[in-house]
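Residue numbers (our numbering): 41 to 263.
Even glycine gets a Cβ: it sits at the ideal position worked out from N, Cα and C.
Beneath this line is the structure, given in structure tokens, with notes to follow.
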């Protein structure tokens, strides 16, 4: 009798499924970051050793500021996780890969922008470089709105991602054309692939987090 009461009490004191899903999504943010760093490191090392461009030295100065992004990323992952259900793994991986690729390309655009501003100074960077900032911010806002829980349909979310990708894609291509170099093309490719790898990994975690208790009502079993 007492064991039953203890078991019932243990279940009542356990973490609710939606909070477990939030914690799981935070954990997979770290897994996605590791996947991104692995692809980026192995992809950029040949550029360093063969072509002699140590792109890592350019990143050293902003690494500290990049680590500060973990805090809002963790908060956003937990918030999204607690307010959403599980989804089919294939769909989560596709969405994660697409969003991750856009994020990776955006990182390259920022790197290219930072490199030119550092070389030419704020005054000599040119008008086009200052158009990059609002364009990237607008694309980031569209992506966040697309992945954040809301009452918009999947088709509307897809359109927002496509629009955001087009905005930052065109912006990056303009910057790349203005400073065309084969090494920069390689870095753009590696950055985009690294983002896609991180997004693919995050998609796996998004589909799994929370367990079977987080399957939407009246839905088929999530795989």
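To the nearest angstrom, how far is the alpha carbon of residue i from that of residue j?
i	j	result
residue 120	residue 215	33 Å
residue 198	residue 217	28 Å
residue 244	residue 224	30 Å
residue 109	residue 90	32 Å
residue 178	residue 219	23 Å
residue 264	residue 92	The structure shown has nothing for residue 264, since the chain only spans 41 to 263.
residue 4	residue 118	Shown here, the chain extends from 41 to 263; a query on residue 4 therefore has no answer.
residue 16	residue 107	Given a span of 41 to 263 for the chain in the structure shown, any question on residue 16 remains unanswerable.
residue 51	residue 126	Because the pLDDT of residue 51 is 46, which lies under 50, any placement of that residue in the model is unreliable, and the question is left without a value.
residue 192	residue 135	16 Å
residue 154	residue 183	22 Å
Quick one: what's got a C-beta closer than 7 Å to residue i's C-beta in the same chain, skipping five residues either side?
i	result
residue 230	80, 83 and 84
residue 61	121, 122, 249, 250 and 254
residue 45	Reliability fails at residue 45, whose pLDDT of 47 lies under 50, so the model's placement of it is uncertain and the value that follows must be treated cautiously. Once the five neighbours on either side are set aside, residue 45 has no close Cβ partner at all.
residue 208	142, 145, 146, 149, 175, 176 and 179
residue 65	117, 118, 120, 121, 245, 246 and 249
residue 205	142
Thinking C-alpha only, which one of the options is nearest residue i?
i	options	result
residue 132	255, 57, 239 and 250	239
residue 233	247, 222, 128 and 146	146
residue 113	63, 125 and 212	63
residue 168	213, 140 and 87	213
residue 222	87, 203, 68 and 187	87
Between which two residues does the alpha helix (DSSP H) containing residue i stretch?
i	result
residue 125	Unbroken run through residue 125: none, as it is neither H nor E.
residue 205	194-218
residue 188	Counting along the chain, residue 188 falls outside any alpha helix (DSSP H), and DSSP gives it neither H nor E.
residue 84	57-91
residue 245	222-248
For residue i, collect the residues of the same chain with a Cβ closer than 6 Å to its Cβ; drop the 5 residues on either side in sequence, then sort them by chain order.
i	result
residue 75	237, 238 and 241
residue 152	215
residue 186	197, 200 and 201
Starting from the C-beta of residue i, find all residues in its chain whose C-beta is less than 8 Å away, skip the five residues before and the five after it, and write them out in chain order.
i	result
residue 58	121, 122, 123, 250 and 254
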